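Below you can see the structure in the form of C-alpha cells.
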C-alpha cells in the first residue's frame with residue numbers, strides 16, 4: 008500500500024469509525040434485512056471515501072454520513088421502482104434481528120419475548136415505508152424530530168403526523184392479536 | 502377507563518419499540534467494509550476520471566451491459582462457448598452486473614430465474630443457487646442489476662432465464678475469478 012493511500016485510510020478511519028455502530032443500526036432500520044443493511048453500509052463507506060476531501064472539512068461527520076446513507080437508500084428504492092423488476096422475496100424475510108436475540112436463560116421468558124418481537128416485526132411490515140422508518144428512528148433509535156427532518160428532508164409536521172399514524176396502526180394490530188393487552 | 506387503557510397500551514407499545522433488537526454486525530465486518538471502501542473507492546475515483554474523458558454517463562462499477570432481447574436471439578444459451586460474454590471478478594469483492602432485457606411490448610407476470618454456479622452468490626441471498634422473481638417488463642429496455650460476489654475462485658456460469666406465456670429465453674454469463 009502506498010504511503011498516501013495508507014494515510015488516506017487512516018484519516019478516513021479516524022473520521023468514520025466513531026459512527027459505525029449508529030450507522031449500522033440506521034442501515035438496519037432502513038433496510039430491514041441484514042444483507043441489505045450490510046450492502047448499504049458498504050456503499051456508504053465507498054461513497055464517503057471517494058469524498059474524503061469533503062468529509063475532513065465537515066463539522067459533524069456523523070450527521071453527514073447518516074444523510075448520505077439515507078439518500079443512498081432512497082436512490083436505490085427509486086431505481087428499483089423504476090425498473091418494475093422486483094423480487095418476490097422482498098419484505099418476506101423479516102426476523103434477522105429476532106433470530107439473533109440473545110437468551111436470558113429462562114426459556115419460557117425467552118420464547119414470550121421472541122413472540123412479542125415477531126409480532127412487532129410483522130406489524131411493522133404492514134406499515135408504509137415512510138411510517139415504518141419514522142417510528143423506528145424516533146421510538147426505537149431515539150432520533151429527535153429535528154434529526155429526522157435533517158436526515159430525510161421531511162418537514163417536522165409531516166414527521167409528527169406519520170409518527171402518530173404509525174403508532175396508532177401498530178397499536179391497533181398488536182392489541183388485536185393480543186401482543187399488547 | 503378508556504383513556505387509562507389507551508395509556509397502558511401506549512406505554513406497552515413504547516416499551517416494545519424501545520427494546521426492538523437490531524443485530525450486531527458479523528465479526529470483522531467493519532474491518533472488511535473499510536478495506537473494501539478504501540480499495541474500491543480509489544478505483545471508482547480513477548474510473549470517474551476515465552469516464553469524464555469519454556463523456557460517458559454510465560455509472561462506475563457497471564461491469565457489463567448484457568444487451569439481450571427478450572424476443573431476440575442474443576445472447577442465448579445455445580451460443581457457442583466462445584460467444585458467451587464474460588467478466589472477471591475479484592474474490593470476495595461485490596460487483597454489479599446489469600442485465601438489460603429489451604421487450605417489444607409490456608409484459609406482466611414474467612418469471613425470471615437466476616441460477617448461480619457454486620462459487621458465486623447474489624448479494625442478499627447467501628448460499629442460494631437459484632433465485633426466482635415475479636416481474637413485469639416495460640416496453641423497451643428493462644434493467645436488472647445483479648450484485649454478485651465470488652466466494653470461491655472456481656467461477657462458472659450465471660444463467661438468467663426469463664419466462665412468459667410458455668416462452669422462455671436463457672442468457673449466459675461466464676464468471677472468471679482472480
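Chains as they are written, first to last, in this note's numbering: chain F, 8 to 188; chain C, 502 to 679. We put the beta carbon where it would ideally sit given N, CA and C, even for glycine. Source: prediction; values computed, not measured.
What separation, rounded to the nearest whole angstrom, lies between the Cα atoms of residue 669 of chain C and residue 639 of chain C? 17 angstroms
Start and end of the alpha helix (DSSP H) containing residue 139 of chain F? 136–142
Could you give the first and the last residue of the continuous alpha helix (DSSP H) run that contains residue 626 of chain C? Neither: residue 626 of chain C is in no alpha helix (DSSP H) and is coded neither H nor E.
I think residue 702 of chain C touches residue 65 of chain F, with their Cβ atoms under 8 angstroms apart; what is that distance to the nearest whole Å? Look at the range of chain C in this structure, 502 to 679, and you will see that residue 702 of chain C is not part of it.
Looking at the strands, I want to know which residues DSSP matches up with residue 127 of chain F. None; residue 127 of chain F has no bridge partner.
C-alpha gap between residue 637 of chain C and residue 17 of chain F, whole angstroms: 46 angstroms
If you draw a straight line from the alpha carbon of residue 617 of chain C to that of residue 50 of chain F, how long is it in whole angstroms? Rounded to the nearest angstrom, the two C-alpha atoms are 23 angstroms apart.
Between the CA atoms of residue 31 of chain F and residue 76 of chain F - distance to the nearest angstrom: In this structure, the straight-line span from the alpha carbon of residue 76 of chain F to that of residue 31 of chain F is close to 10 angstroms.
Cβ-Cβ distance between residue 79 of chain F and residue 47 of chain F below 8 angstroms: yes
Chain F contact residues for residue 648 of chain C, given Cβ-Cβ distances below 8 angstroms: 46
Please list, in chain order, the chain F residues whose beta carbon lies closer than 7 angstroms to that of residue 510 of chain C. 178, 182 and 187
Kindly indicate the opening and closing residues of the alpha helix (DSSP H) around residue 183 of chain F. 163–183
Answer with buried or exposed for residue 589 of chain C, where buried requires no fewer than 16 other C-beta atoms within 10 angstroms of its C-beta. Exposed, since its Cβ has fewer than 16 Cβ neighbours within 10 Å.
Distance CB(residue 620 of chain C)-CB(residue 587 of chain C) smaller than 8 angstroms: no
Can you check which of these residues, F:168, F:117, F:124 and F:160, is closest to residue 142 of chain F by C-alpha distance? Checked all of F:168, F:117, F:124 and F:160; the closest Cα to residue 142 of chain F is F:168.
Against chain F: residues of the region 625–642 of chain C by CB proximity under 9 angstroms: 625, 626, 627, 632, 633, 634, 635, 636, 637, 638 and 639
Following the continuous alpha helix (DSSP H) through residue 587 of chain C, name the residue where it begins and the one where it ends. Residue 587 of chain C -> not in any alpha helix (DSSP H); beta strand (DSSP E) instead, spanning 587–590.
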